[in-house]
Amino acid sequence: MKVSETMQAFLDTAPDWILNGPEWLNEFCYSFFKSFIHDSRWMQYVEGLGNTLLLTALALVLGLIIGIVISIIRVSWDNMHAELRPGVGKFVLRIANAISKIYLTVIRGTPVVVQIMIIFFVIMASSNNKILAGVIAFGMNSGAYVAEIIRSGIMSIDKGQMEAGRSLGFGYVATMRHIILPQAFKNVLPALVNEFIVLLKETAIAGYVGLTDLTRAANIVRGVAYVDFLPLLGVAVVYLILVLFFTWLMGKLERRLRVGNISKQMRSGNKKKEVAA
Amino acid sequence: MSEYIISAKNVQKYFNNGAIKALDGVSADIKRGEVVVVIGPSGSGKSTFLRCLNLLEVPTGGSVYVNGVDITDKKNNINVHRQKMGMVFQHFNLFPHKTILKNMTLAPMQLLKKSKEEAEAQAMKLLERVGLPDRADAYPHQLSGGQKQRIAIVRALCMDPEVMLFDEPTSALDPEMVGEVLEVMKQLAADGMTMVVVTHEMGFAREVGDRVIFMDEGKIVEMGTPQQIFDNPQAPRLKEFLSKVL
Numbered sequence: 003m004k005v006s007e008t009m010q011a012f013l014d015t016a017p018d019w020i021l022n023g024p025e026w027l028n029e030f031c032y033s034f035f036k037s038f039i040h041d042s043r044w045m046q047y048v049e050g051l052g053n054t055l056l057l058t059a060l061a062l063v064l065g066l067i068i069g070i071v072i073s074i075i076r077v078s079w080d081n082m083h084a085e086l087r088p089g090v091g092k093f094v095l096r097i098a099n100a101i102s103k104i105y106l107t108v109i110r111g112t113p114v115v116v117q118i119m120i121i122f123f124v125i126m127a128s129s130n131n132k133i134l135a136g137v138i139a140f141g142m143n144s145g146a147y148v149a150e151i152i153r154s155g156i157m158s159i160d161k162g163q164m165e166a167g168r169s170l171g172f173g174y175v176a177t178m179r180h181i182i183l184p185q186a187f188k189n190v191l192p193a194l195v196n197e198f199i200v201l202l203k204e205t206a207i208a209g210y211v212g213l214t215d216l217t218r219a220a221n222i223v224r225g226v227a228y229v230d231f232l233p234l235l236g237v238a239v240v241y242l243i244l245v246l247f248f249t250w251l252m253g254k255l256e257r258r259l260r261v262g263n264i265s266k267q268m269r270s271g272n273k274k275k276e277v278a279a
Numbered sequence: 006m007s008e009y010i011i012s013a014k015n016v017q018k019y020f021n022n023g024a025i026k027a028l029d030g031v032s033a034d035i036k037r038g039e040v041v042v043v044i045g046p047s048g049s050g051k052s053t054f055l056r057c058l059n060l061l062e063v064p065t066g067g068s069v070y071v072n073g074v075d076i077t078d079k080k081n082n083i084n085v086h087r088q089k090m091g092m093v094f095q096h097f098n099l100f101p102h103k104t105i106l107k108n109m110t111l112a113p114m115q116l117l118k119k120s121k122e123e124a125e126a127q128a129m130k131l132l133e134r135v136g137l138p139d140r141a142d143a144y145p146h147q148l149s150g151g152q153k154q155r156i157a158i159v160r161a162l163c164m165d166p167e168v169m170l171f172d173e174p175t176s177a178l179d180p181e182m183v184g185e186v187l188e189v190m191k192q193l194a195a196d197g198m199t200m201v202v203v204t205h206e207m208g209f210a211r212e213v214g215d216r217v218i219f220m221d222e223g224k225i226v227e228m229g230t231p232q233q234i235f236d237n238p239q240a241p242r243l244k245e246f247l248s249k250v251l
């Protein structure tokens, strides 16, 4: 009987205990071989994973920057427009606030798939940089959600904090930076982590513009290996592990931030005990 | 340098486009080294008046001069003037994410460009003065109300202010903690600090105040020495007020 090249390769590599095993084991291992091992196909997943992580990391940074800027514009306008005297400053803030609101409405009101396609096929039509298009699309999309998360964090801080900072002589921006934002971030960290996880999973649609991320890698393998289940299952497992890992990491960070003051006190308490002993 | 450290001229503060007149033309001069106590029923505008002095509340009309400079004029940088005007709030407003020491050294290091050592040395000296040197590494939530307010006072003092503004500093405290805060304020007054104090503590006003201002409905109704105000009040509204609180 003539066997296919792939089958031949499988027969050559598989150990005897598999080949001599039951049929279901044979079938499963052949399918596994086609999905991950043959032609070093696992390399495609690794490459896709690299792109997914790169895309997520850069989009996260862009999203945070956009989110912080927009949230501060929105909060500043809401807090100060009644107090500000008419002038260039107020006019600029009014325009910035209006632009921010339009931005939030448009970004949150349209699907991210459509956004990334518009950015890649229309706005960046002359360029073929898929990663850049992905970073811009996901960064802008995430920025809109991050902005609202941070805005809620800033609004949750007692307004006495701003007054205390201002009364010491800090300017508005300096008070935001040293006093308001650190507290706001601590309060919204769980929501930000959630947004980060959503972003990580959302990048799975980057394949729509031909970016080979983790999901598209699985899709490509499906096309050449004629196996559906294992590539998709493998990719799902990788996403799940990533999410679990980042959740664990952020949980640690969060606990450190929250308990920071207590552990510090315990440390100084221990010191005193040592001195007493 | 002008004789008056703060000079408020016809200060007005309207809310809702003039429907509510929190301050309806208040003028007062604060001399260097003077302790001025502002009393009055709630809603009389005394806190609003105090907050107008460092522009936490921007007056609708009138001017506030600090060391002869009109701080309501947009050309003058309010942040520079606020550095010289310490403020203590009813609700302390310590920074909960920072230790006591960091609360105290943040502004001197950032704004006066003091070195960490210098700022911490000064902060520790002030903490000794209010009897809390062992709380330097604690966080605000670990302190009692009275301790928080004492820290809030020395945090303001770290900026070497020329004048201290107190906005009902004992109103949010348990009764048994009022004394320790007033004690710090008395000490401060004895050291010659210029102070403007909005308070309901009539004993403090009488004992420490050089001058007492009685406000009602956004206006200064009567102003004078503690003896004049408490022992020989003229205005009927003041008599009525004193009969209720004394």
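Quick note, the sequences are listed as chains G and V, same order.
First residue of the first sequence? That's 3 in the working numbering, and the numbers climb one at a time after it.
First residue of the second sequence? That's 6 in the working numbering, and the numbers climb one at a time after it.
Beta carbons: idealized from backbone N, C-alpha and C, even for Gly.
This structure is a prediction, so every number in the text was calculated from the model and none was measured.
In DSSP terms, what residue i is bridged to
i: Met220 (chain V); result: V:Ile225
i: Ile35 (chain V); result: V:Ile11
i: Asp29 (chain V); result: V:Gln17
i: Asp75 (chain V); result: V:Tyr70
Range of the contiguous beta strand (DSSP E) that encloses residue i
i: Ser68 (chain V); result: Gly66 to Val71
i: Asp172 (chain V); result: Val168 to Asp172
i: Gly91 (chain V); result: Met90 to Val93
i: Thr199 (chain V); result: Thr199 to Val203
Under 8 Å between C-beta atoms of residue i and residue j
i: Leu95 (chain G); j: Ser78 (chain G); result: yes
i: Gly141 (chain G); j: Ile68 (chain G); result: yes
i: Ser158 (chain G); j: Ala186 (chain G); result: yes
i: Pro231 (chain V); j: Gly214 (chain V); result: yes
i: Cys163 (chain V); j: Thr110 (chain V); result: yes
i: Asp75 (chain V); j: Asn82 (chain V); result: no
i: Val63 (chain V); j: Glu49 (chain G); result: no
i: Ser144 (chain G); j: Glu197 (chain G); result: yes
i: Ser14 (chain V); j: Ser68 (chain V); result: The residue asked about is misnamed: residue 14 (chain V) is Lys in this sequence, not Ser. Contact flag set, yes.
i: Lys188 (chain G); j: His102 (chain V); result: yes
i: Phe171 (chain V); j: Val202 (chain V); result: yes
i: Gln154 (chain V); j: Leu178 (chain V); result: yes
i: Tyr105 (chain G); j: Ile72 (chain G); result: yes
Close beta carbons around residue i, own chain, < 8 Å, minus the five adjacent residues each side
i: Met268 (chain G); result: Any reading at Met268 (chain G) must be qualified, since the residue scores a pLDDT of 49, below 50, and its modelled position is unreliable; no value is offered.
i: Thr104 (chain V); result: Ala141, Asp142, Ala143 and Tyr144
i: Ser37 (chain G); result: Arg43, Val223, Ala227, Val229, Leu232, Pro233 and Gly236
i: Ile39 (chain G); result: Thr15
i: Leu255 (chain G); result: Leu191
i: Lys249 (chain V); result: none
i: Ser49 (chain V); result: Met220, Asp221, Glu222 and Gly223
Where the alpha helix (DSSP H) through residue i begins and ends
i: Ala166 (chain G); result: Lys161 to Leu170
i: Met207 (chain V); result: Met207 to Val213
i: Thr53 (chain V); result: Lys51 to Leu58
i: Thr110 (chain V); result: Ile105 to Leu116
i: Ile44 (chain V); result: First-last for Ile44 (chain V): Val40 to Ile44, but that is the beta strand (DSSP E), not the alpha helix (DSSP H).
i: Met82 (chain G); result: Trp44 to Met82
i: Met9 (chain G); result: Glu7 to Thr15
i: Val86 (chain V); result: Looking at the sequence provided, one finds His at residue 86 (chain V) rather than Val. Where His86 (chain V) is concerned, the enclosing alpha helix (DSSP H) stretches over Ile83 to Arg87.
i: Tyr144 (chain V); result: Note, Tyr144 (chain V): premise wrong, no alpha helix (DSSP H); not H, not E.
i: Asp18 (chain G); result: Asp18 to Leu21
i: Ser248 (chain V); result: Pro241 to Val250
i: Ile101 (chain G); result: Val90 to Gly111
i: Gly184 (chain V); result: Pro180 to Ala195
i: Asn189 (chain G); result: Leu183 to Glu204
i: Val223 (chain G); result: Leu216 to Ala227
i: Met157 (chain G); result: Lys132 to Met157
i: Asn22 (chain V); result: Looking at the DSSP string, Asn22 (chain V) is not in any alpha helix (DSSP H), and its letter there is neither H nor E.
i: Ala126 (chain V); result: Lys121 to Arg134
i: Tyr34 (chain G); result: Residue 34 (chain G) is actually Phe in this sequence, not Tyr. Glu25 to Phe34 is the span of the alpha helix (DSSP H), which, as asked, contains Phe34 (chain G).
i: Ala2 (chain G); result: Nothing in the structure corresponds to residue 2 (chain G), since chain G is present only between 3 and 279.
Residue i: CB within 7 Å of a non-hydrogen atom of the ligand COA
i: Pro166 (chain V); result: This structure lacks the ligand COA, and indeed carries no ligand of any kind.
Cut-off 7 Å between Cβ atoms - residues of its own chain near residue i, not counting five sequence neighbours on either side
i: Pro46 (chain V); result: Asp221 and Phe246
i: Leu187 (chain V); result: Thr175, Glu206 and Phe209
i: Met129 (chain V); result: Pro138 and Ala141
i: Thr8 (chain G); result: Lys36 and His40
Chain C contact for residue i (CB, 8 Å cutoff)
i: His83 (chain G); result: Included in the structure are the protein chains G and V, with no chain C among them.
Contacts around residue i, its chain only, beta-carbon distance under 6 Å, and the 5 residues preceding and following it disregarded
i: Ile75 (chain G); result: Ala98, Asn99 and Ser102
i: Thr54 (chain G); result: Thr205, Asp215 and Leu216
i: Ile218 (chain V); result: Val43, Ile225 and Met228
i: Asn263 (chain G); result: Any reading at Asn263 (chain G) is ruled out, since the residue's pLDDT is 49, under 50, leaving its predicted position unreliable.
i: Gly167 (chain G); result: Thr177 and Ile181
i: Ile158 (chain V); result: Val93 and Val189
Next on the checklist: With a threshold of 8 Å, are at least 3 pairs of Cβ atoms found where one atom belongs to the segment 205-220 of chain G and the other to the segment 127-134 of chain G?
Outcome noted: With contact defined as three or more Cβ pairs closer than 8 Å, the segment 205-220 of chain G and the segment 127-134 of chain G are in contact.
Next on the checklist: Check whether the segment 48-66 of chain V and the segment 21-29 of chain V are in contact - that is, three or more C-beta pairs closer than 8 Å.
Outcome noted: With the cut-off at 8 Å, the segment 48-66 of chain V and the segment 21-29 of chain V touch.
Checklist entry - Three or more beta-carbon pairs under 8 Å between the segment 46-61 of chain G and the segment 187-206 of chain G, yes or no? => result Segments in contact, yes.
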